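Structure first, then comments.
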Amino acid sequence: AVSVCFINSATSFFVGFVVFSIIGFIAHETGVPVSEAVGEGPGLAFEVYPNAILQMPYPPIWAAVFFFMFILIGLDSQFCTMEGFITAIVDEFPHHLRGHKELFILGTAFVSYLVGLSCVTRGGMYVLKLMDDMAASGICLLFIVGFECISIAWGYGADRFFDNIKEMI
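Residues 1 to 169 in the UniProt record's numbering are what the sequence shown spells out, letter by letter.
In structure tokens:
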């Protein structure tokens with residue numbers, strides 16, 4: 001699990017360098033500031049890379065390689081997320097799930113499929129933007145982290161929590 005997450009993070013870090021170097025190239029070529037060179041959101045990859053690929057020799061080959069890489073990065077991130085979630089739940093409830101781990105994985109994958117299915121409808125971009133803006137970023141994430149810290153400090157106890165961290169180290 002650790003190696004998959006490490007490779008996922010390293011790949012995403014490397015892709016970030018590539019994306020922002022291409023954004024800088026587009027800004028330089030068009031003569032606009034970097035902040036105005038391209039839009040934001042999930043369409044960023046579909047605006048930035050077609051422009052960069054057109055500058056390369058054999059653009060169709062590079063386009064196929066890029067979108068294949070894009071699919072692999074998405075699958076890699078999904079494996080990392082699902083593996084971390086499933087391992088945590090199975091370790092938390094070993095008596096109930098150890099013998100039925102495959103069924104739990106199937107159920108988790110099916111629920112994830114149903115949630116993701118809403119993103120491929122006509123309003124999918126709105127659902128994706130809603131999830132991105134309201135569920136996993138900004139003030140919502142700040143409140144989740146804040147309440148998590150408060151619940152650990154009051155409910156579990158800071159001293160016991162620090163002792164557990166020392167045991168793990």
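Glycine included, C-beta positions come from ideal geometry on N, C-alpha and C. Quick caveat: nothing in here was measured; it's all calculated off a predicted structure.
Contained alpha helix (DSSP H) runs [length at least 4] in the region 97–144, N- to C-terminal order: For the alpha helix (DSSP H) assignment, the uninterrupted runs of no fewer than 4 residues enclosed by the region 97–144 are, from N- to C-terminal side, 101–117, 124–130.
Buried or exposed for ALA64, please, with buried defined as at least 16 other CB atoms from any protein chain shown within 10 angstroms of its CB. By the Cβ neighbour-count rule, ALA64 is exposed, with fewer than 16 other Cβ atoms within 10 Å of its own.
Quick test of the definition: if touching needs 3 or more C-beta pairs under 8 angstroms, does the region 45–64 touch the region 81–100? Fewer than three pairs of CB atoms, one per stretch, sit closer than 8 angstroms, so the region 45–64 makes no contact with the region 81–100.
Kindly list the residues whose CB is nearer than 8 angstroms to the CB of PHE104, restricted to its own chain and excluding five residues on each side of it in sequence; keep chain order. If we look at PHE104 and ignore the five residues flanking it on each side, its Cβ neighbours are ILE86, ILE89, VAL90, LEU97.
Does the beta-carbon distance from ASP76 to VAL18 come in below 9 angstroms? For ASP76 and VAL18, no; Cβs fall outside 9 angstroms.
Reduced DSSP secondary structure (H/G/I, E/B, other) of LEU90: A small fix is needed here, since residue 90 is Val in this sequence, not Leu. The answer is helix: DSSP assigns VAL90 an H, G or I state.
Roughly how many whole angstroms lie between the Cα atoms of GLY123 and PHE46? For GLY123 and PHE46, the distance between alpha carbons rounds to 19 angstroms.
Under the three-state reduction of DSSP, which class applies to MET56: helix, strand or coil? Reduced to three states, the DSSP call for MET56 is coil.
Helix, strand or coil for GLY74? Go by DSSP, reduced to three states. Residue state, collapsed to three classes: helix.
Report yes or no: do the region 20–31 and the region 48–60 share at least 3 C-beta pairs separated by less than 8 angstroms? Touching, yes, given that three or more Cβ pairs across the two stretches are closer than 8 angstroms.
So what's PRO33 in DSSP terms, helix, strand or just coil? In this structure, PRO33 counts as coil in the three-state DSSP scheme.
Could you give the distance in angstroms between the alpha-carbon of ALA37 and the alpha-carbon of PHE20? Our two residues, ALA37 and PHE20, have alpha carbons roughly 11 angstroms apart in a direct line.
Alpha carbon to alpha carbon, what distance is there between PRO57 and GLY31? GLY31 and PRO57 have their alpha carbons spaced roughly 23 angstroms apart.
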